[in-house]
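Undergrad:
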Amino acid sequence: MKALGTKDENEAKRRLWPVVEAWNCQFDDLRSRRMLTPDDKADATWQHYTGTLERYEQARQSMPNAADVEAATERAVERVQREGIDVRDPLAALDASLDVMVLKQGRALDTQARRAKLDAMRKHLAEGEAALINHEVDDYIDRNKLLIDPLSPDRGDLARKMMRAEIEGLERTIERDQGDYSGAPKDPIVKPATGASREQAAPGEGIMELFEQYARENPNGVKADTLNQARRDIET
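Basically my numbering = 1-based index in the sequence shown + 6.
(1) Round the Cβ separation of Arg222 and Ile180 to the nearest angstrom and send it over; I've been treating them as touching at under 8 Å.
(2) Go ahead and pull the three-state DSSP assignment for Arg94.
(3) For Leu109, which residues from the same chain have a beta carbon less than 7 Å from its beta carbon, with the 5 sequence-adjacent residues on both sides left out?
(4) Would a C-beta distance cut-off of 9 Å place Ala171 and Ile195 closer than the cut-off?
(5) Identify whether Met168 lies in helix, strand or coil by the three-state DSSP scheme.
(6) Taking 9 Å as the threshold (C-beta atoms), are Leu42 and Val123 in contact?
(7) Thinking Asp105 and Ala82 are a contact (beta carbons under 8 Å), I'd like their distance in whole angstroms, please.
(8) With a 10 Å radius around its C-beta and 16 neighbouring C-beta atoms as the bar for buried, classify His54 as buried or exposed.
(9) Along the chain, where does the alpha helix (DSSP H) containing Gln244 start, and where does it finish?
(10) What separation, rounded to the nearest whole angstrom, lies between the Cα atoms of Glu63 and Gly189?
(11) Should Pro198 and Glu174 be called a contact, given that it needs their Cβ atoms to be closer than 9 Å?
(12) Taking C-beta to C-beta, are Tyr146 and Leu153 nearer than 9 Å?
(13) Mind checking who Met127 pairs with in its DSSP beta bridge?
(14) Given a threshold of 16 other Cβ atoms within 10 Å of its Cβ, counted over all protein chains shown, does Met107 qualify as buried or as exposed?
(15) Terminal residues of the continuous alpha helix (DSSP H) containing Thr200?
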């Protein structure tokens, strides 16, 4: 009974059900997942490349244009006249024109940010560092319900492929900044996926196998007595 935080048998039984329910949720999640395949890697690579371009196009559509800058300039002039701002005062002039400056420099700053990320991504790829892509890898794994050891070579390979995809995507965005939309991926792994990445693996793992995997990993530090009791409950 000690494993459940009480020596009272009735209280232990009451506390057991939330523990079992939590296990059931973890087992359900495990049963819905499948192993990472080469098709998944190809799909993740292409998705990340196209996603990089889609985010760029969306950001580009929201960027200020010449009409926005002109309207902001008119508002700044009206404010100077209305409030009698002394434009000979550098701070006052800066305050009055700040919105205009931000709008004018928006595209240039966005381009600089993408160039900086491209340089950093190339450096990290060469060094085997995945810090810039880890959140994207985790998101793909979760969305596609994949089973993968965070420290496995497979995960590292997936991260590198997605980094190569983003490098290609960032290169395309910089070309498009210059009005060149003819560019295509030069990296041979960045291409449309043709495999069946969404197919579920064939049934082969029963609840007992999943439980034993959970027991070996024991992420929540459950005591051996509690695991043994749960094992007996599953077997019966």
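Ideal Cβ placement from N, Cα and C applies to all residues, glycine included.
TA: Walking through what the data contain:
(1) Counting from 1 along the sequence shown, the entry for residue 222 is found at position 216. Counting from 1 along the sequence shown, the entry for residue 180 is found at position 174. Arg222 to Ile180, Cβ: 48 Å. No contact.
(2) Position 88 of the sequence shown holds residue 94. If DSSP states are grouped into helix, strand and coil, Arg94 belongs with coil.
(3) To locate residue 109, count along the sequence shown from 1; it is residue 103. Here the set comprises Pro70, Asp74, Val75, Ala78.
(4) Against the sequence shown, residue 171 aligns to sequence position 165. Against the sequence shown, residue 195 aligns to sequence position 189. Their beta carbons are under 9 Å apart, which means Ala171 touches Ile195 by this criterion.
(5) If you number the sequence shown from 1, residue 168 lands on position 162. If DSSP states are grouped into helix, strand and coil, Met168 belongs with the helices.
(6) Translated into positions along the sequence shown, residue 123 becomes position 117. Translated into positions along the sequence shown, residue 42 becomes position 36. Going by the sequence as given, residue 123 is Lys instead of Val. No, the pair does not count as a contact, with Cβ atoms beyond the cut-off.
(7) For the purposes of this step, residue 105 is taken as residue 99 along the sequence shown, with counting starting at 1. For the purposes of this step, residue 82 is taken as residue 76 along the sequence shown, with counting starting at 1. Correct: roughly 7 Å between the Cβ atoms.
(8) What you label residue 54 is simply residue 48 of the sequence shown in a count that begins at 1. The C-beta of His54 has 16 or more other C-beta atoms within 10 Å across all chains shown, which makes the residue buried.
(9) Given a span of 7 to 242 for the chain in the structure shown, any question on residue 244 remains unanswerable.
(10) Position 57 of the sequence shown, counted from the first residue, corresponds to residue 63. Position 183 of the sequence shown, counted from the first residue, corresponds to residue 189. Their backbone Cα atoms lie some 15 Å apart in a straight line.
(11) The residue given as residue 198 occupies position 192 in the sequence shown. The residue given as residue 174 occupies position 168 in the sequence shown. Their beta carbons are not under 9 Å apart, which means Pro198 does not touch Glu174 by this criterion.
(12) On the sequence shown, position 140 is the one that residue 146 refers to. On the sequence shown, position 147 is the one that residue 153 refers to. No. Outside cutoff.
(13) In the sequence shown, counting from the first residue as 1, residue 127 sits at position 121. Answer is none; Met127 lacks a bridge partner.
(14) Taking the sequence shown and counting its residues from 1, the one referred to as residue 107 is at position 101. Burial call: exposed.
(15) By 1-based counting over the sequence shown, the position of residue 200 is 194. Neither: Thr200 is in no alpha helix (DSSP H) and is coded neither H nor E.
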